[in-house]
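**Student:** Residue numbers (the UniProt record's numbering): 1 to 116.
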């Protein structure tokens, strides 16, 4: 979330929320507004890559489901982010909702459509 331009009160509330749950990425160099969505996405991915260790399975990978299910049962964390991702949406290039700064690729990055 971009925090540039927020009041001290709003920023303090966000920091309190993040201290409680630890699930916010606060970016003080970004104003959180629609025209900054492409920049916000790129910055969030950059920060996530530097801050977290994670593994992934690409869409053309073979997955041993039995081993995966066993591993998931052994995870000590009570919540798991798992579901169907869709990456077919194309950014608007003209009009009110145009995102001219989206230059990563010709489609949006995959996003969560539903949870399994």
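Cβ atoms here follow ideal geometry from the backbone N, Cα and C, with glycine treated the same way.
Within a Cβ cutoff of 7 Å, which residues of the same chain sit near residue 101, ignoring the five residues on either side of it in sequence?
**Tutor:** Reading the chain shown from its first residue, position 101 is the one you call residue 101. So the qualifying residues of the chain are 38 and 39.
**Student:** Relative to the alpha-carbon of residue 86, which residue among 25, 13, 113 and 35 has its alpha-carbon at the smallest distance?
**Tutor:** The sequence position of residue 86 within the chain shown is 86, counting from 1. Nearest option by C-alpha distance: 113.
**Student:** Quick check on DSSP: helix, strand or coil for residue 31?
**Tutor:** Counting from 1 along the chain shown, the entry for residue 31 is found at position 31. Note: residue 31 maps to strand in three-state DSSP.
**Student:** In the DSSP assignment, what are the bridge partners of residue 85?
**Tutor:** Translated into the one-based positions of the chain shown, residue 85 becomes position 85. Answer is 112.
**Student:** Within its chain, find whatever has a CB closer than 7 Å to the CB of residue 44; leave out the 5 residues flanking it on each side and keep chain order.
**Tutor:** Taking the first residue of the chain shown as 1, we reach residue 44 at position 44. So the list reads 25, once near-sequence residues are dropped.
**Student:** Can you tell me which of 18, 28 and 35 puts its alpha carbon nearest to the alpha carbon of residue 94?
**Tutor:** On the chain shown, residue 94 is found 94 positions in, with the first residue counted as 1. Looking at the Cα atoms, 35 is the closest of the given residues.
**Student:** In the DSSP output, what is residue 2 paired with across the bridge?
**Tutor:** Here residue 2 corresponds to residue number 2 of the chain shown, with the count starting at 1. Note: residue 2 sits in a beta bridge opposite 27.
**Student:** Looking at residue 32 and residue 1, is the spacing between their C-beta atoms short of 8 Å?
**Tutor:** As a first step, residue 1 is located in the chain shown; it is residue number 1 there, counting from the start. As a first step, residue 32 is located in the chain shown; it is residue number 32 there, counting from the start. The answer is yes: Cβ separation under 8 Å.
**Student:** Under DSSP, the alpha helix (DSSP H) around residue 17 begins and ends at which residues?
**Tutor:** By one-based count along the chain shown, residue 17 stands at place 17. Here the alpha helix (DSSP H) through residue 17 covers 8 to 21.
**Student:** Please determine, among 14, 4, 6 and 42, the residue with the shortest C-alpha to C-alpha distance to residue 105.
**Tutor:** Residue numbering aside, residue 105 sits at position 105 when the chain shown is read from its first letter. Residue 42 is the option with its Cα nearest to residue 105.
**Student:** Determine, using beta carbons only, whether residue 91 and residue 108 come nearer to each other than 8 Å.
**Tutor:** Locating residue 91 in the chain shown gives position 91, where the first residue counts as 1. Locating residue 108 in the chain shown gives position 108, where the first residue counts as 1. Contact flag set, yes.
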